[in-house]
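In the numbering used here, the protein residues as written are 433 to 583.
Please read the structure below before turning to the comments.
Okay, structure coming up:
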């Protein structure tokens, strides 16, 4: 399974996340799953509007690089502007997992390096795949969320 995190904190938030989900699903609909949508505080840069976050999962034959290109293409289509790291976003699609693949390249790291520190990723991931095991840590999504919440 492939898992992708969707996030936005620039209005119209609901429309942006729905459109990103629609575009992903039109490309990759096999075994489609989607979490609830969560409203969350911004991570990193302060003084921003709250985010809407969701995680979707699906089966895919695409490589991690092809999935990254799909995500970047959707971001561009939905008007994402470059503002720097951890700033507001029209839409943000992050490739969290590509099955059990572990990859570290110049432009892509899979699994996503901050999953275990982000409640806004782990909570929706646990909605659809609490037993999915992170191939690097060996912990399930639920175990990572429990550990993070325990502090």
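For each residue, glycine too, the CB sits at the ideal point set by N, CA and C.
Because the structure is a prediction, the values reported are computed rather than measured.
Are the CB atoms of residue j and residue i within a distance shorter than 8 Å?
i           : j           : result
residue 547 : residue 554 : yes
residue 574 : residue 562 : yes
residue 526 : residue 437 : yes
residue 455 : residue 506 : yes
residue 462 : residue 471 : no
residue 523 : residue 502 : no
residue 453 : residue 473 : no
Apart from the five residues on each side of it in sequence, which residues of its chain come closer than 6 Å, Cβ to Cβ, to residue i?
i           : result
residue 535 : 496, 542
residue 572 : 563, 565
residue 492 : 434, 460
residue 475 : none
residue 545 : none
residue 498 : none
residue 445 : 484
Locate the alpha helix (DSSP H) running through residue i, then write down its first and last residues.
i           : result
residue 498 : 496-509
residue 581 : 573-582
residue 449 : 445-459
Per DSSP, which residues does residue i bridge with? Please list them.
i           : result
residue 465 : 489
residue 530 : 434
residue 536 : 541
residue 483 : 472
residue 524 : 439
Is residue i close to chain E, meaning its C-beta is less than 8 Å from at least one C-beta of that chain?
i           : result
residue 444 : Given the protein chain composition of this structure (a single chain), no chain E is represented.
Taking 7 Å as the limit between beta carbons, can you name the residues of its chain near residue i, skipping five residues before and five after?
i           : result
residue 457 : 464
residue 449 : 438, 440, 469, 484, 486
residue 451 : 510
residue 521 : 439, 440, 441, 442, 512
residue 558 : 573, 574, 577
Tell me where the beta strand (DSSP E) around residue i begins and ends.
i           : result
residue 436 : 434-440
residue 563 : Unbroken run through residue 563: none, as it is neither H nor E.
residue 471 : 470-472
Once you ignore the five residues that flank residue i on each side, which residues in its own chain have a CB closer than 8 Å to its CB?
i           : result
residue 576 : 547, 548, 554, 566, 569
residue 533 : 496, 542, 567
residue 500 : 527, 539, 540
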